[in-house]
Amino acid sequence: MNDEKILSAESITRELDTRFIGQRIFYYPSLTSTMEVARQKAQQGAAEGTVILTDEQTAGRGRLKRLWLSPKGSIALSIILYPGINHLPSILMLASLAVVHSIESVTGLKPQIKWPNDVLINDRKVCGILVENDLRGNTVNHTMIGIGINANLRISDFPEVVSVATSLSTELGREVSRFNLIKYLLIEVERLYLVLTAGGSVYEEWRDRLITLGRNVRVDTGEAIYEGVAESVARDGSLLIRSTNGSMTKVVAGDVTLPE
Ligand code: BTN
Numbered sequence: 018m019n020d021e022k023i024l025s026a027e028s029i030t031r032e033l034d035t036r037f038i039g040q041r042i043f044y045y046p047s048l049t050s051t052m053e054v055a056r057q058k059a060q061q062g063a064a065e066g067t068v069i070l071t072d073e074q075t076a077g078r079g080r081l082k083r084l085w086l087s088p089k090g091s092i093a094l095s096i097i098l099y100p101g102i103n104h105l106p107s108i109l110m111l112a113s114l115a116v117v118h119s120i121e122s123v124t125g126l127k128p129q130i131k132w133p134n135d136v137l138i139n140d141r142k143v144c145g146i147l148v149e150n151d152l153r154g155n156t157v158n159h160t161m162i163g164i165g166i167n168a169n170l171r172i173s174d175f176p177e178v179v180s181v182a183t184s185l186s187t188e189l190g191r192e193v194s195r196f197n198l199i200k201y202l203l204i205e206v207e208r209l210y211l212v213l214t215a216g217g218s219v220y221e222e223w224r225d226r227l228i229t230l231g232r233n234v235r236v237d238t239g240e241a242i243y244e245g246v247a248e249s250v251a252r253d254g255s256l257l258i259r260s261t262n263g264s265m266t267k268v269v270a271g272d273v274t275l276p277e
């Protein structure tokens, strides 16, 4: 099936039999960043599950204050949630699992998760996830899950990322339906979120799907670099690295390189 040139918020919502995720979608042909608009909507009291969706971002935000390339053909969306503070660590896990499940179901490709939540195919990044929280003390004002998927991009057109990134269309040799992928993704986010709020856990599946564990890693936190074996992940999502001198370091956020 050919990709749709633009996404229609109405048609996605019409076909979604979710309780709340995606029941309100704000679609924009072009935006600076869906995170920016999601923050404004959340501050105005948007309903839980409200989605901000765009065909193109001009100032997409990545983790660790980087820019995120988000040209036409990609998927860029943010989802507004109001979870309890105890669920915050799981939101990151839930998001990467929902992406992996939806890519698998819609394309048949086999994505992997690199800690903390990069989604890769054949060791190249196909999706980035950014979770931003607005907290007041121990109260969550709102949380936003930002998901950027390289869907229908000719990755060779982007020399700045060609060595580390891929796209679904590059891997498949044909375009994917962004419409189907978004629908599936929103259904999965809701399903996993309901698992959490019902007292269940997404930690075990996320841990078991990480390609990072048991490997030699180099982690750049922006402030320090740690090297060693990625031994495990804690329930709060942090990575435990055993260095050659036997000491253990707990890293909350960073960029992992997996040497050959
Ligand atoms: C990463 O650095 O891996 C995270 C990238 C997150 C990109 C998505 S695209 C939708 C949302 N809006 C943004 O500006 N960023 C996130």
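For what it's worth, the numbering used here labels the leading residue of the sequence shown as 18, then goes sequentially.
Even for Gly, the Cβ is constructed at its ideal location relative to N, Cα and C.
Small disclaimer: the values here were computed from a predicted structure and weren't measured.
TODO: May I have the straight-line CA-CA distance separating Tyr220 from Glu205, to the nearest angstrom?
DONE: 15 Å
Open item on the list: What does the alpha-carbon distance come out to for the pair Gln74 and Met52?
Closed with: Straight-line spacing of the CA atoms in Gln74 and Met52 works out to 10 Å.
Task: Cutoff 7 Å; reference Thr124; Cβ partners in own chain excluding five residues on either side - done: Leu185, Leu189 and Val193
Open item on the list: Using C-beta distances below 6 Å, list every residue in its chain close to Arg224, excluding the 5 sequence neighbours before and after it, in chain order.
Closed with: Val250
- [ ] Sort Asn262, Gly263 and Arg252 by Cα distance to Val269 and report the nearest one.
- [x] Arg252
TODO: Would you mind stating whether Cys144 and Asn167 have Cβ atoms separated by less than 8 Å?
DONE: yes
Task: Inter-residue spacing [alpha-carbon to alpha-carbon] between Lys131 and Gln57 - done: 31 Å
Task: DSSP state of Leu33 mapped onto helix, strand, coil - done: Leu33 falls in the coil class under three-state DSSP.
Open item on the list: On the CB-based measure, 16 or more other CB atoms within 10 Å of its CB, does Glu12 come out buried or exposed?
Closed with: Outside the shown range of the chain, which is 18 to 277, sits residue 12, and nothing can be said about it.
- [ ] May I ask which residues mark the beginning and end of the beta strand (DSSP E) holding Val129?
- [x] Before going on, a small fix: residue 129 reads as Gln here, not Val. That run of the beta strand (DSSP E) goes Gln129 to Lys131.
Task: Start-end ranges of the alpha helix (DSSP H) lying completely within the segment 202-234, minimum 4 residues - done: 220-226
- [ ] Pick helix, strand or coil for Thr266, following the three-state DSSP scheme.
- [x] strand
- [ ] Note down the Cα distance separating Ile38 from Thr30, rounded to an integer number of angstroms.
- [x] 9 Å
Task: Beta-carbon contacts of Thr156 that lie in its chain and below 8 Å, excluding the five residues immediately before and after - done: Ile102
Open item on the list: Let me confirm a value: Ala59 is counted as buried when at least 16 other C-beta atoms fall within 10 Å, else exposed. Which label applies?
Closed with: Buried.
Open item on the list: Going by C-alpha to C-alpha distance, which of Met265, Asp151 and Leu114 sits closest to Glu222?
Closed with: Comparing Cα positions, the closest option is Leu114.
Task: Arg226 beta carbon less than 8 Å from that of Leu275 - done: no
Open item on the list: For Ile242, count the other beta carbons within 10 Å of its own beta carbon; 16 or more makes it buried, fewer makes it exposed. Which is it?
Closed with: exposed
TODO: To the nearest angstrom, report how far apart Lys127 and Thr183 are at their CA atoms.
DONE: Near 13 Å, if we compare the C-alpha coordinates of Thr183 and Lys127.
Task: Bounding residues of the alpha helix (DSSP H) (the contiguous stretch that carries Gly116) - done: Before going further, note that residue 116 is Val rather than Gly in the sequence given. First-last of the alpha helix (DSSP H) with Val116: Leu105 to Thr124.
- [ ] Assign Lys142 to one of three DSSP states: helix, strand, or coil.
- [x] strand
- [ ] Spatial neighbours of His104 within its chain, please: CB distance less than 8 Å, with the 5 preceding and 5 following residues excluded, ordered by chain position.
- [x] So the list reads Leu213 and Thr214, once near-sequence residues are dropped.
TODO: From the DSSP output, read off the bridge partner residues of Val250.
DONE: Val250 pairs with Leu256.
Open item on the list: Thr71 and Ala55 - do their beta-carbons sit closer together than 8 Å?
Closed with: no
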